[in-house]
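S.K.: Sequences listed follow chains A and B, in order.
Just so we're aligned: the first sequence equals residues 14 to 285 in my numbering.
Just so we're aligned: the second sequence equals residues 374 to 610 in my numbering.
Backbone N, C-alpha and C fix where the C-beta goes; we use that ideal spot for every residue, glycine too.
Got a structure for you, written out below as structure tokens; questions coming shortly.
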Amino acid sequence: MFRAAIKSAMILCGLLAGPAAAEEPFIVVQSTTSTQNSGLLDFILPGFEAESGIDVRVVAVGTGQAIRNAINGDGDVLLVHAKPAEEQFVADGWGVERRDVMYNDFVLVGPKSDPAKIKGGDDAVAALAAIAQAKAPFASRADDSGTHKAEKALWSLSGTDPTLSSGEWYRETGSGMGATLNLAAGMDAYALTDRATWLSFGNKGNLEVLVEGDPRLFNQYGVILVNPEKHPRVRAAAGRRFIDWLTGHDGQEAIAAYKLNGEQLFFPNAQQ
Amino acid sequence: MQDFASQFSQAGHLILTGDPDLWAIVMLSLQVSVLAVLISAVIGMPVGAALAVARFPGRRALIILMNALMGFPPVVVGLLVYLMLSRSGPLGVLELLYTPTAMIIAQTVLVTPIVAALTRQVIEMLAEEYSEQLRSLGVSRLASVPVLLWDARLALVTALLAGFGRAIAEVGAVIIVGGNINHVTRVMTTTIALETSKGNLALALALGTILIGIAVAVNAAVSALTLRTEQEGLRHA
């Protein structure tokens, strides 16, 4: 009994010692699932970490949640993709300055059977109208993410309010891109997704890209330092250093170098 | 459909070769959940035992509340802890959000009601059994708490295991307060959620089987320990 107690105490001490590992300088980046799930951040961040000695801790959530977390001060840098919401964030004083980082595009995916007959088109708005006309299942993020904001903008251009059909052919998942694609694959639904998540997604099932190339499907990513005047604990110096790197020569080159199955997922476009 | 077999063998390979990333994730899961259960034991057992023996107005209501809290949704706990630890929250100065400590706090909130409620049940039965003996010895109700807890220690291990099961399997709270940050706060369940969202369903499932394996191993270890204690106890008696 006694020996067992000592043994358990020793195991316990080992467990306790774990989390208190040496602290190195770090920043918290509030970002979106697309940058993480596509593997981009895992690919580019080690370069910055090695050069600066700053550990980058990424919290990957939807753009809407990332912005709200940043407003609460729970992050030093915001890296998301919803330009109007980002500009609002800066205008309201929560962020210091917004810089373009990179872009890719959204694509409309759907089942190979394509009940709304939209395949091959390059007009995303007309395609959505056709989906609504056919009452074909459409899986929406419905989580205020960057992709969801883009989807809503396209619907309003199409003159349809799909939320009137919520629960019928319009399925609001309230989940991340991956979860929504899993659902679309499961029920043969259409969905709007960013290309990076789509290319790296492992459960495509019956889905394929049906509509792409519409200029309105452009998907811009921006980076913002959370305002240290609003939240004095923001690690501003380290955050600035990261933003300068990301929008500078090395970061931009690293973004361009990231390929999945030979395909480039993000295209750097920071102003030099 | 994707190649389930290859993803399963990929996961098996990660385990067998002792992939350091995977091991770190497994160890962090254990650290967080074991510590949360221990803290819950320190809080929940005395509270549960006191509720079992003490008599005061509102006791029944308190017991009902405690039993109900066993089903507290992890997401709600995660949100509450997030609001407390956020830089805009009352405890923001502690800078605990997105750390393993935040995850331990969230899981402690989840597990404590379970430990307390189950302890209450065990001790209440035991107190009834011993009531005459304790009264004849002139021990007051509250003073009997330590004795009863010690006597019920083997039954209470089950309460702790129930709490551990809840903690190690939980994802809703730790993903909010931990942020699922690679190498910092990523645990088994958040890894499974991440791989699922990437569409790597087989890999997620394989990681799930590791999680079950861990749960079985912990239960087996505790069961072996209690069995030995029991036997030693009999020998001494």
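Check the Cβ of ASN573(B) against every Cβ in chain A and list those closer than 8 Å, keeping chain order.
M.R.: Position 200 of the second sequence holds residue 573(B). Result: GLY215 and ASN216.
S.K.: Between PRO38(A) and the rest of its own chain, which residues show a CB-CB distance below 8 Å, the 5 nearest in sequence each way excluded?
M.R.: Indexing the first sequence from 1 puts residue 38(A) at position 25. If we look at PRO38(A) and ignore the five residues flanking it on each side, its Cβ neighbours are GLY66, ILE67, ASP68, ARG248 and ALA251.
S.K.: Please report the straight-line C-alpha distance between TRP258(A) and ILE398(B), rounded to a whole angstrom.
M.R.: Counting from 1 along the first sequence, the entry for residue 258(A) is found at position 245. Counting from 1 along the second sequence, the entry for residue 398(B) is found at position 25. Between TRP258(A) and ILE398(B), the C-alpha separation is close to 29 Å.
S.K.: For THR390(B), is the classification buried or exposed, using 16 other Cβ atoms within 10 angstroms of its Cβ as the cut-off for buried?
M.R.: Within the second sequence, the letter at position 17 stands for residue 390(B). Looking at its Cβ environment, which holds fewer than 16 other Cβ atoms inside 10 Å, THR390(B) is exposed.
S.K.: Hey, would you say TYR455(B) sits closer than 7 Å to VAL518(B), going by beta carbons?
M.R.: By 1-based counting over the second sequence, the position of residue 455(B) is 82. By 1-based counting over the second sequence, the position of residue 518(B) is 145. Against a cut-off of 7 Å, the Cβ pair of VAL518(B) and TYR455(B) comes out as no contact.
S.K.: Mind listing which residues of the segment 71-94 of chain A have their C-beta closer than 9 Å to chain B's C-betas, in chain order?
M.R.: Residues passing the 9 Å Cβ filter: VAL71, VAL72, ALA73, VAL74, ASN82, ILE84, ASN85, GLY86, ASP87 and GLY88.
S.K.: Can you tell me which of GLY108(A), MET115(A), GLU110(A) and VAL109(A) puts its alpha carbon nearest to the alpha carbon of HIS94(A)?
M.R.: Stepping through the first sequence from its first residue, residue 94(A) is reached at position 81. Closest by alpha carbon: MET115(A).
S.K.: Is the shortest distance between the beta-carbon of HIS244(A) and the beta-carbons of chain B less than 7 Å?
M.R.: For the purposes of this step, residue 244(A) is taken as the residue at position 231 of the first sequence. True, the Cβ-Cβ gap to chain B drops below 7 Å.
S.K.: When you compare only the Cα positions, how much space is there between ILE144(A) and VAL484(B)?
M.R.: Numbered from its first residue, the first sequence carries residue 144(A) at position 131. Numbered from its first residue, the second sequence carries residue 484(B) at position 111. Going from the Cα of ILE144(A) to the Cα of VAL484(B) covers about 47 Å.
S.K.: Is the separation between the beta-carbon of ALA414(B) and that of GLU497(B) shorter than 7 Å?
M.R.: The residue given as residue 414(B) occupies position 41 in the second sequence. The residue given as residue 497(B) occupies position 124 in the second sequence. No, they are not a contact pair.
S.K.: Count the other CB atoms within 10 Å of the CB of GLY75(A); is the residue buried (16 or more) or exposed (fewer)?
M.R.: The sequence position of residue 75(A) within the first sequence is 62, counting from 1. Buried, since its Cβ has 16 or more Cβ neighbours within 10 Å.
S.K.: Taking only beta carbons into account, state which residues of the segment 48-60 of chain A come closer than 7 Å to chain B, listed in chain order.
M.R.: Hits within the stretch, in order: ASN50.
S.K.: Based on DSSP bridge pairs, tell me the residues matched to SER44(A).
M.R.: To locate residue 44(A), count along the first sequence from 1; it is residue 31. According to DSSP, which records beta bridges pairwise, SER44(A) is partnered with ALA73(A) and LEU92(A).
S.K.: If we define contact as Cβ-Cβ less than 7 Å, is ALA34(A) a contact residue for chain B?
M.R.: Taking the first residue of the first sequence as position 1, residue 34(A) is located at position 21. With a pLDDT of only 44 at ALA34(A), under the threshold of 50, the placement of this residue in the model should not be trusted; the figure read from the coordinates follows. For ALA34(A), the answer is no, since every Cβ of chain B falls outside 7 Å of its Cβ.
S.K.: What in chain B is Cβ-close to VAL122(A), meaning under 7 Å?
M.R.: The count along the first sequence starts at 1 and reaches residue 122(A) at position 109. Ordered by position in chain B, no residue passes the 7 Å Cβ test against VAL122(A), which lies about 12 Å from the chain.
S.K.: Pick from PRO241(A), LEU278(A) and LEU196(A): whose alpha carbon is nearest that of VAL321(A)?
M.R.: As shown, chain A starts at 14 and ends at 285. That puts residue 321(A) outside it, with no answer to give.
S.K.: Exposed or buried, which one is SER169(A) when buried takes at least 16 other CB atoms within 10 Å?
M.R.: For this step, residue 169(A) is matched to residue 156 along the first sequence. Exposed: under 16 other Cβ atoms inside 10 Å.
S.K.: Determine the direct distance from the alpha carbon of GLY199(A) to that of ILE256(A), and round the result to whole angstroms.
M.R.: Mapped onto the first sequence, residue 256(A) falls at position 243. Mapped onto the first sequence, residue 199(A) falls at position 186. The straight-line gap from Cα to Cα measures roughly 39 Å.
S.K.: What is the rounded straight-line gap between the Cα of ALA83(A) and the Cα of PRO175(A)?
M.R.: Stepping through the first sequence from its first residue, residue 83(A) is reached at position 70. Stepping through the first sequence from its first residue, residue 175(A) is reached at position 162. If you take the alpha carbons of ALA83(A) and PRO175(A), they lie about 30 Å apart.
S.K.: Is the segment 399-412 of chain B touching the segment 536-543 of chain B in the sense that three or more CB pairs, one from each, lie closer than 8 Å?
M.R.: They touch, by the three-pair rule.
S.K.: Quick check: is the beta carbon of GLY536(B) nearer than 7 Å to any beta carbon in chain A?
M.R.: One-based indexing of the second sequence puts residue 536(B) at position 163. No, GLY536(B) lies away from the interface with chain A (no Cβ there is under 7 Å from its Cβ).
S.K.: Quick check: is any heavy atom of the ligand ADP less than 6 Å from the C-beta of GLU221(A)?
M.R.: Inclusion of the ligand ADP in the displayed structure is not the case, the ligand content being empty and no account of it being possible.
S.K.: Please give me, in chain order, every unbroken run of the beta strand (DSSP E) with length at least 3 that falls completely inside the segment 138-166 of chain A.
M.R.: Counting only runs of 3 or more, we get 151-153.
S.K.: Quick check on this structure: which residue in PHE280(A), ASN240(A), ALA269(A) and GLN284(A) has the alpha carbon closest to the alpha carbon of GLY86(A)?
M.R.: Residue mapping note: residue 86(A) aligns to position 73 of the first sequence, counting from 1. Of PHE280(A), ASN240(A), ALA269(A) and GLN284(A), the residue nearest in Cα terms is ASN240(A).
S.K.: With 8 Å as the limit, tell me which residues of the segment 133-149 of chain A have their beta carbon closer than that to any beta carbon of chain B; keep them in chain order.
M.R.: Within the segment 133-149 of chain A, no residue qualifies.
S.K.: Grab the span of the beta strand (DSSP E) containing GLN233(A) for me, first residue to last.
M.R.: Here residue 233(A) refers to the residue found at position 220 of the first sequence. Counting along the chain, the beta strand (DSSP E) containing GLN233(A) begins and ends at 231-239.
S.K.: Quick check: is the beta carbon of GLY552(B) nearer than 7 Å to any beta carbon in chain A?
M.R.: For the purposes of this step, residue 552(B) is taken as the residue at position 179 of the second sequence. Yes - at least one Cβ of chain A is within 7 Å of the one on GLY552(B).
S.K.: For HIS556(B), is the classification buried or exposed, using 16 other Cβ atoms within 10 angstroms of its Cβ as the cut-off for buried?
M.R.: Residue numbering aside, residue 556(B) sits at position 183 when the second sequence is read from its first letter. With fewer than 16 other Cβ atoms within 10 Å, it is exposed.
S.K.: By the 7 Å beta-carbon criterion, what residues does the segment 169-201 of chain A contribute toward chain B?
M.R.: Cβ contacts with chain B come from GLY189, GLY191, ALA192, LEU194 and ASN195.
S.K.: So that I know if they touch, is there some Cβ in chain B lying closer than 7 Å to that of VAL41(A)?
M.R.: Translated into positions along the first sequence, residue 41(A) becomes position 28. Closer than 7 Å to some Cβ of chain B, the Cβ of VAL41(A) qualifies, so yes.
S.K.: Using C-beta distances below 7 Å, list every residue in its chain close to LEU387(B), excluding the 5 sequence neighbours before and after it, in chain order.
M.R.: Reading the second sequence from its first residue, position 14 is the one you call residue 387(B). Cβ neighbours of LEU387(B) beyond the five flanking positions: LEU395.
S.K.: So VAL495(B) packs on LEU529(B), CB below 8 Å; how close in whole Å?
M.R.: Taking the first residue of the second sequence as 1, we reach residue 495(B) at position 122. Taking the first residue of the second sequence as 1, we reach residue 529(B) at position 156. Indeed they touch by this definition, with Cβ atoms about 6 Å apart.
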